[in-house]
Amino acid sequence: QIQSTRRSGNYKPTLWDFDRIQSLTSVYTDEKYATRASELVVQLKKLLCQESNWLMQLELIDDLHKLGVSYHFDNEINQVLNRIYLEHKYCNNEERDLYSTALAFRLLRQNGFRVTQDVFDDFKNDEDEFEESLGGDTEGVLQLYEASFLLTEGETSLEQARLFSENLLKKKLDDEVLDEFLSSLVRHSLELPLHWSVQRPNARWFANAYSKKSQANPILLELAKLDFNIVQATYQQELKEISRWWKETELAEKLSFARDRVVENYIWNVGLLFKPQYGYARIMTTKLFILITVIDDVFDVYGTLEETQLFKNATLRWDDEAIDQLPYYMKICYMVLDSFINEMAYHVLKEKDVLVIQDLRKTWGDLCSAYAKEAEWYHTGYKPTMEEYINVAWISISAHTILTHVFYLISNPIEKEAAESLRNYHDTIRYSAMVLRLADDLGTSPHEMQRGDVPKAVECYMNETGASREEAREHVMFMIREIWMKTNGERFRESPFSDDFIRSAADLGRQAQYMYQHGDGHGISNPEMEERILGLIFQPIV
Ligand SMILES: CC1(C)[C@@H]2CC[C@@]1(C)[C@@H](OP(=O)([O-])OP(=O)([O-])[O-])C2
Ligand SMILES: [Mg+2]
Ligand SMILES: [Mg+2]
Ligand SMILES: [Mg+2]
Ligand SMILES: [Mg+2]
Ligand SMILES: [Mg+2]
Numbered sequence: 001q002i003q004s005t006r007r008s009g010n011y012k013p014t015l016w017d018f019d020r021i022q023s024l025t026s027v028y029t030d031e032k033y034a035t036r037a038s039e040l041v042v043q044l045k046k047l048l049c050q051e052s053n054w055l056m057q058l059e060l061i062d063d064l065h066k067l068g069v070s071y072h073f074d075n076e077i078n079q080v081l082n083r084i085y086l087e088h089k090y091c092n093n094e095e096r097d098l099y100s101t102a103l104a105f106r107l108l109r110q111n112g113f114r115v116t117q118d119v120f121d122d123f124k125n126d127e128d129e130f131e132e133s134l135g136g137d138t139e140g141v142l143q144l145y146e147a148s149f150l151l152t153e154g155e156t157s158l159e160q161a162r163l164f165s166e167n168l169l170k171k172k173l174d175d176e177v178l179d180e181f182l183s184s185l186v187r188h189s190l191e192l193p194l195h196w197s198v199q200r201p202n203a204r205w206f207a208n209a210y211s212k213k214s215q216a217n218p219i220l221l222e223l224a225k226l227d228f229n230i231v232q233a234t235y236q237q238e239l240k241e242i243s244r245w246w247k248e249t250e251l252a253e254k255l256s257f258a259r260d261r262v263v264e265n266y267i268w269n270v271g272l273l274f275k276p277q278y279g280y281a282r283i284m285t286t287k288l289f290i291l292i293t294v295i296d297d298v299f300d301v302y303g304t305l306e307e308t309q310l311f312k313n314a315t316l317r318w319d320d321e322a323i324d325q326l327p328y329y330m331k332i333c334y335m336v337l338d339s340f341i342n343e344m345a346y347h348v349l350k351e352k353d354v355l356v357i358q359d360l361r362k363t364w365g366d367l368c369s370a371y372a373k374e375a376e377w378y379h380t381g382y383k384p385t386m387e388e389y390i391n392v393a394w395i396s397i398s399a400h401t402i403l404t405h406v407f408y409l410i411s412n413p414i415e416k417e418a419a420e421s422l423r424n425y426h427d428t429i430r431y432s433a434m435v436l437r438l439a440d441d442l443g444t445s446p447h448e449m450q451r452g453d454v455p456k457a458v459e460c461y462m463n464e465t466g467a468s469r470e471e472a473r474e475h476v477m478f479m480i481r482e483i484w485m486k487t488n489g490e491r492f493r494e495s496p497f498s499d500d501f502i503r504s505a506a507d508l509g510r511q512a513q514y515m516y517q518h519g520d521g522h523g524i525s526n527p528e529m530e531e532r533i534l535g536l537i538f539q540p541i542v
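Under the working numbering, the first residue of the sequence shown carries the number 1, and numbering increases by one thereafter.
Structure (structure tokens):
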């Protein structure tokens with residue numbers, strides 16, 4: 001049936017209004033802070049390279065990652081890990097312990113070194129099960145848990161390690177009194193393991209936790225706080241510019257049914273493009289996220305079936321005649337989108353001498369075609385099978401559109417082979433899209449089903465198998481783990497893409513798992529998300 005009355009997304013107005021964003025200010029733009037930070041970086045580089053104890057080096061590398069400052073030490077970290085890998089210290093020293101073995105395994109694999117899961121065989125009994133006696137070593141079991149998320153397809157020993165360590169850690173939280181720092185780490189990782197966590201948004205949490213650690217390194221703690229606050233000052237300037245652009249479009253007023261989520265859309269890009277030097281890229285990809293959010297609501301909430309087909313056609317043809325047929329509110333969307341695409345294409349042409357306008361239009365045409373398919377299903381009441389749904393929804397989640405913009409903004413030069421792989425929806429894109437889609441469905445589908453939307457992964461699984469909602473959610477989490485196994489395997493295969501792009505693709509999925517950890521953190525604020533945003537953008541670490 002064709003909807004006669006218009007629906008709205010019933011989304012609340014933004015929590016962060018224009019004036020509040022424009023009033024953001026920080027003392028950390030002062031040069032003296034950057035000077036102090038670079039002094040601390042020099043001191044820590046010396047400490048890292050001159051440390052004779054390889055386990056201490058690994059612990060420092062892990063802390064640098066957790067505190068969001070490892071980007072200052074990329075070369076030194078690679079040198080240290082390379083030496084540890086070549087000298088095989090982590091797997092043939094007599095007093096092998098689980099803690100150092102698991103820590104080394106994770107850090108080496110994360111940096112692309114092939115370490116076999118067999119290093120954990122020494123910790124198993126004759127029945128090939130992990131020794132119960134390991135339960136006494138909480139730190140070691142926690143490291144085993146973290147390491148198990150690096151598994152690739154077929155590595156059953158690591159899957160076994162995940163189950164073994166997860167059960168033990170949960171029991172410890174219930175039965176034992178752990179020291180405050182350790183129990184906070186255990187709780188944090190049981191919610192989201194390190195390998196599935198975006199760096200920068202989690203840095204503040206780790207800085208707070210780390211300050212409770214006995215023998216915390218004071219230089220490291222000072223750098224972590226200082227770097228966080230300096231980068232936060234940069235974020236504030238970027239957000240002000242985006243907020244001014246959003247206000248000038250007047251889309252919040254003209255399309256009041258849609259989500260007005262400037263800050264939340266920016267937070268996605270803090271996770272996706274966390275290096276400070278990617279400022280312009282963050283500004284552009286946030287504008288992109290804002291447009292995707294609005295146009296997604298046009299298709300999911302407000303547009304009639306007929307109108308959604310018109311908008312789809314306009315993004316397939318990009319000619320004036322197609323625009324004329326659009327209703328006013330869609331003309332508005334189309335014109336903002338068209339000028340954004342031109343702004344993007346002009347920047348890439350100016351900076352990198354490549355004309356990408358066709359690529360940008362194509363990915364939007366693909367996205368709106370997927371949107372239109374879902375709208376058709378919704379309006380006609382068709383219930384897709386899980387397979388039919390996934391084939392459309394891994395496109396409609398907009399990962400390819402997002403990563404196309406990331407690619408053209410951070411790649412220099414733009415490699416032809418990589419651009420071709422991107423156009424062909426390379427597996428790196430598909431895996432990122434699948435994690436984003438499945439995490440998004442877990443976080444947003446309860447609200448989407450209330451207002452009316454196409455059945456999502458959870459609902460499709462329930463329709464197809466008769467499973468309960470809880471069983472269906474479990475199955476979707478299983479699907480996310482499966483995708484991560486494939487993503488982890490990609491790390492060891494030849495790739496046409498740069499390390500930074502591969503990382504951004506994985507971080508897009510990680511950011512989704514972060515945004516939806518406590519419900520729909522994007523569309524419907526929750527206390528945890530609100531606190532995270534205050535900590536990331538509005539309040540420096542003291
Ligand atoms: C950034 C995004 C991932 C993209 C735009 C806002 C999102 C949070 C999501 O919004 P949602 O309505 O949940 O997407 P979908 O479920 O309609 O595909 C789609
Ligand atoms: Mg220790
Ligand atoms: Mg609104
Ligand atoms: Mg939607
Ligand atoms: Mg949608
Ligand atoms: Mg959704």
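We put the beta carbon where it would ideally sit given N, CA and C, even for glycine. Keep in mind that this is a model prediction, so the values were computed, not measured.
Segment limits, alpha helix (DSSP H) that includes residue i
| i | result |
| --- | --- |
| A620 | The shown model of the chain, from 1 to 542, leaves out residue 620, and the question about it has no answer. |
| Q215 | First-last for Q215: undefined, no H or E at that position. |
| L349 | 328 to 352 |
| I429 | 427 to 451 |
| E59 | 54 to 66 |
Neighbour-count burial assignment, residue i, 16 or more Cβ in a 10 Å radius
| i | result |
| --- | --- |
| D492 | According to the sequence shown, residue 492 is Phe rather than Asp. Exposed, since its Cβ has fewer than 16 Cβ neighbours within 10 Å. |
| S398 | buried |
| F478 | exposed |
| L534 | exposed |
| M515 | buried |
| E490 | buried |
| D353 | exposed |
| V42 | exposed |
| H195 | buried |
| C49 | exposed |
| K12 | exposed |
| L239 | buried |
| E76 | buried |
| T156 | exposed |
Helix, strand or coil at residue i [DSSP, three-state]
| i | result |
| --- | --- |
| F130 | strand |
| K247 | helix |
| K383 | coil |
| K124 | strand |
| V458 | helix |
| F407 | helix |
| R36 | helix |
| F18 | helix |
| N488 | helix |
| R317 | helix |
| M477 | helix |
| H72 | helix |
| D520 | coil |
| P540 | coil |
| H195 | helix |
| K416 | helix |
| E528 | helix |
| G509 | helix |
| D500 | helix |
| R6 | coil |
| K12 | coil |
| T29 | helix |
| A467 | coil |
| R423 | helix |
| S189 | helix |
| I581 | As displayed, the chain neither begins before 1 nor continues past 542, which places residue 581 out of reach and without an answer. |
What is the chain-ordered set of residues for which the beta carbon lies under 5 Å from any non-hydrogen atom of ligand 5? D296, D300
May I have a chain-ordered list of the alpha helix (DSSP H) segments no shorter than 4 residues that lie completely inside the region 101 to 186? Listed in chain order, the complete alpha helix (DSSP H) runs (minimum 4 residues) inside the region 101 to 186 are 138 to 148, 156 to 175.
Which residues are close to ligand 6, meaning CB closer than 5 Å to any heavy atom, in chain order? D440, T444
Inside the region 249 to 297 only - alpha helix (DSSP H) runs reaching at least 4 residues: 251 to 254, 262 to 272, 279 to 297
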